[in-house]
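Asks: Before I ask anything, let me first share the structure, which is written out below as structure tokens.
In UniProt numbering, the protein residues as written are 1 to 556.
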């Protein structure tokens with residue numbers, strides 16, 4: 001058992017799909033790294049276990065769902081609306097076929113087809129040599145599939161099944177026949193199953209990896225399961241059925257830790273263009289999101305701690321923090337236009353809805369929008385009429401808005417196979433900016449709400465746009481710092497060239513009222529930072545551990 005550390009400053013991608021995998025021959029691991037690309041973008045990396053340095057796969061700036069070929073010579077992945085493959089020894093990726101939405105797991109099977117989970121559209125496959133996707137397995141209404149694997153014999157597909165969006169924690173492991181659609185439930189509660197060559201089935205429940213005897217001829221579990229490994233990475237926000245582990249044909253296990261494992265505390269800090277830093281008095285916490293109030297005196301922050309994930313109200317000028325939320329898992333805080341309320345997303349009883357609570361805590365929280373998927377607030381209009389939010393689904397994300405005046409009404413503004421998110425409305429309410437991967441990379445777009453006309457204002461990758469409060473500038477992140485684009489919204493929209501403005505590696509959370517400073521969460525780290533660097537745990541001879549654990553429990 002040993003550990004493979006990611007390069008300094010890199011972390012596992014939180015893109016809701018498999019973050020680590022190992023080749024069948026046990027020689028190579030692949031992982032998706034957040035901020036790992038040459039310009040800071042996400043990248044797919046390969047690391048030979050007999051070498052110390054990883055290397056990136058070219059042209060994988062928004063890669064998802066990596067899957068090694070059955071012969072270990074290539075790796076498939078999804079990127080920019082296409083399934084692609086690349087040779088392990090190097091070279092540019094080769095196009096396999098088009099797939100607009102992001103996949104729900106992929107498996108390159110021994111029949112040389114790549115099997116693809118497509119959420120409520122079932123399971124499809126495409127020849128690795130290229131062609132068109134064809135459906136091989138249909139689902140019932142309201143069902144979602146993730147992580148298909150073709151079992152030996154070619155008749156049965158193993159996959160994770162959910163009966164609701166963001167309900168994978170309560171999902172099941174099933175096998176379904178390609179011949180007659182017979183379905184067998186193998187594990188009532190689990191995700192990301194693997195068939196193991198030693199006659200076992202592995203799967204994850206919560207964040208624990210289990211193994212159970214499996215009868216391949218009868219397609220059934222053959223005995224009690226044993227808990228094998230704790231602290232396994234699972235999909236962010238329970239968005240998919242993914243889990244961060246994989247096993248080679250001869251029993252080498254690779255495991256990525258949960259997203260919060262070893263998470264560093266950080267300080268909310270203002271930074272100006274000269275690099276001067278001013279940390280807030282509140283001290284170090286585990287901050288994930290933060291927004292300044294309209295008057296600039298308070299911050300609504302998402303904090304992850306031992307009590308859960310909650311929204312807090314923090315004073316800018318003194319050490320004061322009040323918890324706004326009392327139950328559920330709460331994310332994505334947004335201030336109302338007048339600073340009287342805070343909108344946020346809350347997962348309660350497995351359902352993600354939009355809620356609101358008064359910022360002075362004088363009244364309890366109230367639900368504004370029943371979930372039709374997973375809604376994450378992103379911006380409120382300055383006239384108080386609209387709340388903009390990302391509408392997340394297992395396969396993509398769109399942008400909608402909720403009316404706040406009169407009866408609540410939902411208007412979907414962007415509905416496409418691409419991912420559109422992080423939307424911010426302009427101060428005059430006529431436009432909004434957002435990031436989209438429609439072109440195959442992340443760009444910053446601006447859309448006129450009335451006409452749906454769109455402009456791309458970034459040159460190269462762009463993330464996390466912020467429309468400055470003066471209405472004349474848009475700030476966004478890249479791997480090489482923060483850029484500002486001067487814009488005009490009257491009489492019609494126009495934009496200048498991006499200008500480098502702030503040297504900040506961390507994600508920018510918000511900007512000051514005058515735009516002279518940005519707000520970020522700066523990590524508290526050790527000098528060498530080895531204790532907090534993300535890592536992959538590699539376990540050799542894991543099949544032997546399974547046998548010992550199962551025999552010790554007397555279940556086989």
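Just so you know, even glycine gets a beta-carbon here, dropped at the ideal spot from N, CA and C.
Where does residue 284 sit, in a helix, a strand or coil, going by DSSP?
Replies: Coil at residue 284, not helix or strand.
Asks: Using three-state DSSP, classify residue 301 as helix, strand or coil.
Replies: In the structure shown, residue 301 sits in a strand (DSSP, three-state: E or B).
Asks: Between the C-alpha atoms of residue 419 and residue 396, what's the straight-line distance to the nearest angstrom?
Replies: Using only the alpha carbons, I get a separation of about 5 Å.
Asks: Measure the CB-CB distance between residue 124 and residue 70 and report whether it falls below 7 Å.
Replies: No, Cβ-Cβ distance for residue 124 and residue 70 is not below 7 Å.
Asks: Per DSSP, which residues does residue 309 bridge with? Please list them.
Replies: According to DSSP, which records beta bridges pairwise, residue 309 is partnered with 304.
Asks: If we count the other Cβ atoms within 10 Å of its Cβ and call it buried at 16 or more, is residue 451 buried or exposed?
Replies: Flag for residue 451 reads exposed.
Asks: What is the DSSP secondary structure of residue 153, counted as helix, strand or coil?
Replies: If DSSP states are grouped into helix, strand and coil, residue 153 belongs with coil.
Asks: Cα-Cα, which of 381, 173 and 196 is closest to residue 189?
Replies: Cα-wise, what sits closest to residue 189 is 173.
Asks: Which one of 403, 382, 377 and 55 has the shortest CA to CA distance from residue 391?
Replies: Cα-wise, what sits closest to residue 391 is 377.
Asks: Here's the rule I'm using: 16 or more other beta-carbon atoms within 10 Å means buried, otherwise exposed. How should residue 599 be labelled?
Replies: Beyond the ends of the chain as shown, which are 1 and 556, falls residue 599; an answer cannot be given.
Asks: When burial is assigned at 16 or more other CB atoms within 10 Å of the CB, is residue 492 buried or exposed?
Replies: It is exposed - the Cβ of residue 492 has fewer than 16 other Cβ atoms within 10 Å.
Asks: Less than 6 Å between C-beta atoms, sequence neighbours within five positions excluded: which residues of the same chain meet that for residue 365?
Replies: Around residue 365: 355 and 357.
Asks: Closer than 6 Å by C-beta to residue 537: which residues in its own chain qualify, once you throw out the five before and the five after it? Chain order, please.
Replies: Result list for residue 537: 3 and 255, in chain order.
Asks: Tell me where the beta strand (DSSP E) around residue 21 begins and ends.
Replies: Where residue 21 is concerned, the enclosing beta strand (DSSP E) stretches over 20–22.
Asks: Where does the unbroken beta strand (DSSP E) through residue 352 begin, and where does it stop?
Replies: Note, residue 352: beta strand (DSSP E), 351–358.
Asks: Residue 550 by DSSP, collapsed to three states: which one?
Replies: The answer is helix: DSSP assigns residue 550 an H, G or I state.
Asks: State the DSSP-derived secondary structure class of residue 375, mapped to helix, strand or coil.
Replies: Here residue 375 sits in strand by DSSP.
Asks: At which residues does the beta strand (DSSP E) containing residue 84 begin and terminate?
Replies: Start and end: 82–87.
Asks: Am I right that residue 119 and residue 104 are in contact with their C-beta atoms under 8 Å? What's the rounded C-beta distance?
Replies: Rounded, the Cβ-Cβ distance is 5 Å, consistent with contact.
Asks: Would you identify the three-state DSSP class for residue 454, choosing helix, strand or coil?
Replies: Residue 454: strand per DSSP, three-state reduction.
Asks: My parser needs the alpha helix (DSSP H) runs of 4 or more residues fully inside the segment 318–351; what are they?
Replies: Complete alpha helix (DSSP H) runs here, min 4: none at all.
Asks: Label residue 483 either buried or exposed according to how many other C-beta atoms from any shown protein chain fall within 10 Å of its C-beta, with 16 as the threshold for buried.
Replies: With 16 or more Cβ atoms within 10 Å of its Cβ, residue 483 is classed as buried.
Asks: Please name the residue, chosen from 228, 344 and 321, that lies closest to residue 545 on a Cα-to-Cα basis.
Replies: That would be 228, whose Cα lies nearest to the Cα of residue 545.
Asks: Whose CA, out of 473, 427, 489 and 459, lies closest to the CA of residue 453?
Replies: Looking at the Cα atoms, 489 is the closest of the given residues.
Asks: Checking the sheet assignment: what are the DSSP bridge partners for residue 213?
Replies: Beta-bridge pairing links residue 213 to 200.
Asks: Hey, how far is the Cα of residue 244 from the Cα of residue 56?
Replies: Approximately 19 Å between the Cα atoms of the pair.
Asks: Could you spell out the range, first to last residue, of the beta strand (DSSP E) harbouring residue 97?
Replies: Looking at the DSSP string, the run of the beta strand (DSSP E) that includes residue 97 is 94–98.
Asks: What is the DSSP secondary structure of residue 169, counted as helix, strand or coil?
Replies: Correct three-state label for residue 169: helix.
Asks: Going by the CB atoms, is the gap between residue 270 and residue 517 shorter than 7 Å?
Replies: For residue 517 and residue 270, yes; Cβs fall inside 7 Å.
Asks: Pull the bridge partners of residue 517 from the DSSP assignment, please.
Replies: Looking at the DSSP assignment, residue 517 forms a beta bridge with 272.
Asks: Under the three-state reduction of DSSP, which class applies to residue 398: helix, strand or coil?
Replies: Residue state, collapsed to three classes: strand.
Asks: Using a 10 Å radius around the Cβ and a threshold of 16 neighbouring Cβ atoms, would you call residue 425 buried or exposed?
Replies: That one is buried.
Asks: Rounded C-beta distance between residue 43 and residue 28? I'm assuming under 8 Å.
Replies: In fact, because the Cβ distance is near 16 Å, the residues do not count as touching under 8 Å.
Asks: Measuring CB to CB, does residue 345 end up less than 7 Å from residue 166?
Replies: Taking 7 Å as the Cβ cut-off, residue 345 and residue 166 do not qualify as a contacting pair.
Asks: Out of curiosity, what's the CA-to-CA distance linking residue 144 and residue 242?
Replies: One C-alpha to the other measures close to 13 Å.
Asks: So, do the segment 177–193 and the segment 207–225 have three or more beta carbon pairs nearer to each other than 8 Å?
Replies: The segment 177–193 is in contact with the segment 207–225.
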